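These notes are about the structure you will find just below.
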Amino acid sequence: MPIRFDAADAHWRVAPLAAFSADQKDWLTRGGSLTAHLRALGHVVVRVTREAVDMPWPDECAALGLAPRGRAWVREIVLEVDGVPFVAAHSVTPLVASHGIWQAMRRLRTRPLAELLYTDSGVARSALVSRRVSARHPLHALAARETHGHVPHGFVARRSVFERHGAPLLVTECMLPALWARLAHDAQPALPAHSARERGPLGHTASRASHPSQHAAR
70 MPIRFDAADA HWRVAPLAAF SADQKDWLTR GGSLTAHLRA LGHVVVRVTR
120 EAVDMPWPDE CAALGLAPRG RAWVREIVLE VDGVPFVAAH SVTPLVASHG
170 IWQAMRRLRT RPLAELLYTD SGVARSALVS RRVSARHPLH ALAARETHGH
220 VPHGFVARRS VFERHGAPLL VTECMLPALW ARLAHDAQPA LPAHSARERG
270 PLGHTASRAS HPSQHAAR
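Going by this note's numbering, the letters in the sequence shown line up with residues 70 to 287, in that order.
If you want it as structure tokens, here you go:
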């Protein structure tokens, strides 16, 4: 289904930056529901941090076809996996659409937006685009609140526009450091059972045992 809206601009690009890791390139370009992908890692909870009438960010107006300073409905959430924040998301639609085509967005509460986006055949999606987000972008502050003081210089984020009956909904998803740490941990080869036992309670026995020369001196 063709879509009139485009999430790309000079900074948001379809091809992930070459400097991104393999995991980052993978997650930035995965189609379908990000919530569903996260469920493969553990129990996912949607924590709503803000829902309000606001102005879109400067780089969102063109993607939404809105004039600068146009009003919109904004929903911000954090996706937690087993209690750990993995993704900070910012979704925005023109205010008129939030009372019409996308009015169900206002009633989601702690349900994921995916329930609206992937169950309706009338919804079309633009290409996914991504970028590195520095402190100059408002998304950086949104994500930084979920890092418990360990704020990286830049975050990795992606976005796309969903269109239903001509009304756009822009969804921006910022991946947090905990996600990359989890993927790196899961990629480590498991220790053989005998190695795990050797590193168990007796792992430091040698440091406590007497050296043979000590026995000889007694």
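Quick reminder that beta carbons are idealized off the backbone N, C-alpha and C, glycines included. If you're wondering where the values come from, they're calculated on a predicted model, not measured in any experiment.
Item                                                                                   : Value
For residue 127: DSSP bridge partner residues                                          : In the DSSP output, where bridge partners are listed per residue, residue 127 has none listed.
Neighbour-count burial assignment, residue 71, 16 or more Cβ in a 10 Å radius          : exposed
Residue 159 burial status per 10 Å Cβ neighbour count (16 or more: buried)             : buried
Straight-line gap, residue 110 to residue 144 (C-alpha atoms, nearest Å)               : 24 Å
Residue 288 - containing alpha helix (DSSP H), residue span                            : Here the chain has residues from 70 to 287 only, and residue 288 is not among them.
Cβ pair residue 141, residue 228 closer than 9 Å                                       : no
Whether residue 248 touches residue 115 by CB criterion (9 Å)                          : no
Residue nearest to residue 146 in terms of C-alpha spacing, selected from 188, 118, 89 : 118
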